[in-house]
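Offset between the sequence shown (1-based) and this note's numbering: plus 2. What follows is one structure encoded as structure tokens, with my remarks underneath.
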Amino acid sequence: MIIKNGLKTTLSHDVYPDSTEPWNAVLSKQYGFSLVELIVTLSIAAILLTTAVPGFFSMIQRDRLTTQANDFVSTLSLARAEAASRGQRIVVCKSASPYNACTGAGGWEQGWIVFTDMNGDDLYTAAADGANGILKVHEALGGNTTLSGDANIGNSIAFLGTGFSTVPQLRSLSLCDSSADANKGKNIVLLAIGQARVDANAPASCTP
């Protein structure tokens, strides 16, 4: 009961239906997810992760292959340009750490070097080709990547002083990721004139 301006007013339970409930009980009520709601939410999250995560990693793999393919093409373009500008034979060969010599073992994914080939043997030695003969070093490719050439590539790719390739025919290399889709590899082609590019219309056939 409230006395206001001399009048008595009674508060009904219809206006304040919870007025009989202690205030400390009202304030102590907890609101949140029920167990069923939590299970449903976690189930939806699990489904979304199952769908999204593989696609995300696949995108990363494709981007890595694209970057690596472009790196190798850039190396070949550099070697060709240096050969033409110097009027000298320039060679790109497979090389492993510490990247101071060519190697006949393993694939191109372990790395490569670009050098002036003064004696025309497609092999780098400081004595024959000069202590400063190495023009570029590219270390091993990351990820589960493999880079292998066809029968006409071998362990080295050489350019004449004209900028033309020393092999007068089309050659190619396959860049693959062992964990990627079999059709997502990159096919790098080298024309007889020395020009290199990634052939987007003919991806390499890779076996994961």
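Glycine included, C-beta positions come from ideal geometry on N, C-alpha and C. What you are looking at is a predicted structure, and each value in this text was computed from that prediction instead of being measured.
**Prompt:** When we look at the beta-carbon of Arg88 and count the other beta-carbons within 10 Å, is it buried (16 or more) or exposed?
**Reply:** It is exposed - the Cβ of Arg88 has fewer than 16 other Cβ atoms within 10 Å.
**Request:** Compute the Euclidean distance between the alpha carbons of Asn134 and Ala47, then round it to the nearest angstrom.
**Result:** 57 Å
**Message:** Residues in the same chain with beta-carbon distance under 7 Å from Gly132, minus the five sequence neighbours each way, listed in chain order, please.
**Reply:** Thr118, Met120
**Prompt:** Pick from Gly122, Tyr126, Thr148: whose alpha carbon is nearest that of Lys138?
**Reply:** Tyr126
**Asked** Which value, in whole angstroms, describes the spacing of the CA atoms of Asp123 and Ala202?
**Response** 33 Å
**Asked** So, helix, strand or coil for Ser150, using DSSP?
**Response** strand
**Message:** Please report the distance separating the alpha-carbon of Gly196 from that of Thr164.
**Reply:** 9 Å
**Prompt:** Contact check, Ile190 vs Val75 under 8 Å by CB: the rounded distance?
**Reply:** 6 Å
**Three-state secondary structure assigned by DSSP to Ser158** = Of the three classes helix, strand and coil, the one that applies to Ser158 here is strand, per DSSP.
**Request:** For my contact list, Arg64 and Gly144 are in at a C-beta cut-off of 8 Å; report their separation, rounded to the angstrom.
**Result:** About 14 Å separates the beta carbon of Arg64 from that of Gly144, a gap too long to meet the 8 Å contact definition.
**Request:** May I ask you to list the residues that DSSP assigns as paired with Asn134?
**Result:** Residue pairing by DSSP places Asn134 in no beta bridge whatsoever.
**Item:** Whole-number beta carbon distance between Ala194 and Ser150, since they are thought to touch under 8 Å
**Value:** 21 Å between Cβ atoms; not a contact.
**Asked** Buried or exposed: which applies to Ala107, given that a residue is buried once 16 or more other Cβ atoms fall within 10 Å of its Cβ?
**Response** exposed
**Prompt:** Out of Asn146, Asp152, Ala86, which has the shortest C-alpha to C-alpha gap to Cys178?
**Reply:** Asn146
**Prompt:** Quick one, are the C-beta atoms of Ala160 and Val116 less than 8 Å apart?
**Reply:** no
**Message:** For Leu192 and Pro100, what's the separation of their Cα atoms in angstroms?
**Reply:** 27 Å
**Residues near Glu111 in its chain [Cβ-Cβ closer than 6 Å; skip 5 each side]** = Leu143, Thr147, Thr148, Leu149
**Message:** So, under 8 Å CB-CB, Ala206 and Ser176 are touching, yes? Tell me the CB distance rounded to an integer number of Å.
**Reply:** 4 Å
**Message:** Taking DSSP's pairing of strands, which residues face Ile49 in a bridge?
**Reply:** In the DSSP output, where bridge partners are listed per residue, Ile49 has none listed.
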